[in-house]
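Structure record follows, encoded as C-alpha cells.
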Amino acid sequence: MRASSTLEGRFAQIHVDAARNATDDFNPFHDPHHWQRIVANPFAGPLVLGFQLEALIEYLWQTHPARDEDAAWAAAHGLHWTNWDLSFAGALCPGEAFTAEVRAAARREAPEPGLSRRLLIRKADSLVLAGWLRQSAEALYEPGLSCAPFPGPLRAQPDRCQRGPWFLKRKFASVGHAKNFLAGALADQALWFDELAPRSVFPQTYAAALLSCALLEQATAAGHDFCAEPLVYTAHHLSILAPAVAGLRSNDALHLLVHGPELLAAGSGLGIGIEQTRYAGLVYAGTPERLLLRGELLLAPLSAITGG
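Structure follows, in C-alpha cells:
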C-alpha cells in the first residue's frame, strides 16, 4: 500500500494572525479581539482559516513520498488543472490537536486520465475537513464561467467595483505575504521560495485564499454585519490552472472576481440539511491577464448550523 503524507500538530493564534494578515481576511471569527462579539458563537475562541488548512494540505501534497513520480505522470498526461473538492465538517481553534493527511494518489486512464487523492483533517473527537484533490486536463469546476460584464482589461477597472453581478477586488502578488501565509499554515516556505537556490514559486492556495478578502469586501460594501449575521464556509470547489500559477511573479496584479449570492438547497459537510449560499469566483493575474482559478465557495449562516 502506498504511503500517506501526514502531520500532527496544533495551530497557535500567531499562525492564525499570520494567515489572516497575509490575505487581508478580516472575518471576526479569526480575530482574537472580535470573535466574542459574534452573536451566539458556539466556538471557544478564534478559528483557524479554511484556506489556511488548505495551504497545509498543499504542503503535505508537495512533500508526499510519491510527489515526483505523480508529477511526472501528470505532466506526461497533460494534467494541468488542480481541482480542490473540500467539505468543512467542523471547526478548528488554536491550541486544538489535529492530524492532517493526504493519501496516495489513485490513477485513472479512462475515460480520461486523472489523479485523485483523499484529503482529511481530524481532531480528537471529530472531523474538521474532508475532500479530494484531483488533477485533470480540463477544469472540473465552473468551466464555462466568465466575467463578461467587464468591458476591456480588468486592470482598467477600479478596485472594489461592481459590474452587474460581479464584484472586483484587486490585490498584488507579494512574496512576503505568501511566505507568511505558508508560515501560518505550518508549511516550510523553502519548498516555494529560496532566494539562494534561487526559487520563487507561489503556492496554488495563496491566490485562492485572497477570494475570502473579495467576499468580505463585497459584503462590507453591501452593509453586511459580520457579528450579527455570521457566515461560515461549508465547501470549496476550486479548479486552479497550475502552469498559470507557476508563472505568477511578485507584484503581478491579481484580479479577484466574485459573483453572488445565490441560494442553494441543503448540502454536505456543515451544510447538511440547511440552505446554503453560493458564490462563484474567478482570479486573473498579470499583463496580459491570464486565468489562474475558477470555482465556487459555499457558505451557510452560523445560526442554521447551530440551530440558533
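Each residue of the sequence shown is one higher than the one before, counting from 1 in this note's numbering. Glycine is no exception: its CB is placed at the ideal position from the N, C-alpha and C atoms. Predicted model only: the values in this text are computed from it and were never measured.
Residues sharing a beta bridge with residue i, DSSP
i	result
residue 161	168
residue 225	Per DSSP, none; premise fails for residue 225.
residue 193	200
residue 131	86 and 119
residue 290	285
residue 257	168 and 282
residue 126	123
Straight-line Cα distance separating residue j from residue i
i	j	result
residue 216	residue 249	25 Å
residue 199	residue 209	22 Å
residue 1	residue 106	Residue confidence is low: residue 1 scores 47 on pLDDT, short of 50, so the model does not pin down where it sits. No coordinate-derived value is stated.
residue 95	residue 125	14 Å
residue 289	residue 117	31 Å
residue 226	residue 28	7 Å
residue 192	residue 93	27 Å
residue 262	residue 247	33 Å
residue 228	residue 37	8 Å
residue 104	residue 52	22 Å
residue 185	residue 98	13 Å
residue 10	residue 305	25 Å
residue 302	residue 233	9 Å
residue 219	residue 194	37 Å
residue 281	residue 127	26 Å
residue 300	residue 89	12 Å
residue 279	residue 188	31 Å
residue 76	residue 25	38 Å
residue 230	residue 224	9 Å
residue 190	residue 123	27 Å
residue 157	residue 150	8 Å
residue 285	residue 67	27 Å
residue 109	residue 196	39 Å
residue 237	residue 171	22 Å
residue 115	residue 221	40 Å
Simplified DSSP assignment, three categories, for residue i
i	result
residue 215	helix
residue 252	coil
residue 112	coil
residue 50	helix
residue 1	Only weak support is given to the placement of residue 1: the predicted model assigns it a pLDDT of 47, under 50, and the question is left unresolved by the model.
residue 262	strand
residue 24	coil
residue 138	coil
residue 41	coil
residue 6	strand
residue 298	strand
residue 184	helix
residue 307	coil
residue 12	coil
residue 92	coil
residue 97	strand
residue 145	coil
residue 314	Here the chain comprises residues numbered 1 to 308, so residue 314 is not present and cannot be evaluated.
residue 33	coil
residue 336	Since the first and last residues shown for the chain are 1 and 308, residue 336 lies out of range.
residue 220	helix
Sub-8 Å separation of residue i and residue j beta-carbons
i	j	result
residue 257	residue 202	no
residue 182	residue 44	no
residue 136	residue 79	yes
residue 251	residue 21	no
residue 102	residue 73	no
residue 121	residue 139	no
residue 298	residue 235	yes
residue 42	residue 31	no
residue 129	residue 82	no
residue 131	residue 70	no
residue 239	residue 293	yes
residue 310	residue 142	The chain is shown only over 1 to 308; residue 310 falls outside these bounds and no answer can be derived.
residue 169	residue 242	no
residue 259	residue 165	yes
residue 205	residue 112	no
residue 287	residue 155	yes
N-terminal and C-terminal residue of the beta strand (DSSP E) that residue i is part of
i	result
residue 240	231 to 241
residue 279	276 to 285
residue 103	Element bounds for residue 103: n/a, residue is neither H nor E.
residue 88	81 to 88
Extent of the continuous alpha helix (DSSP H) to which residue i belongs
i	result
residue 73	67 to 76
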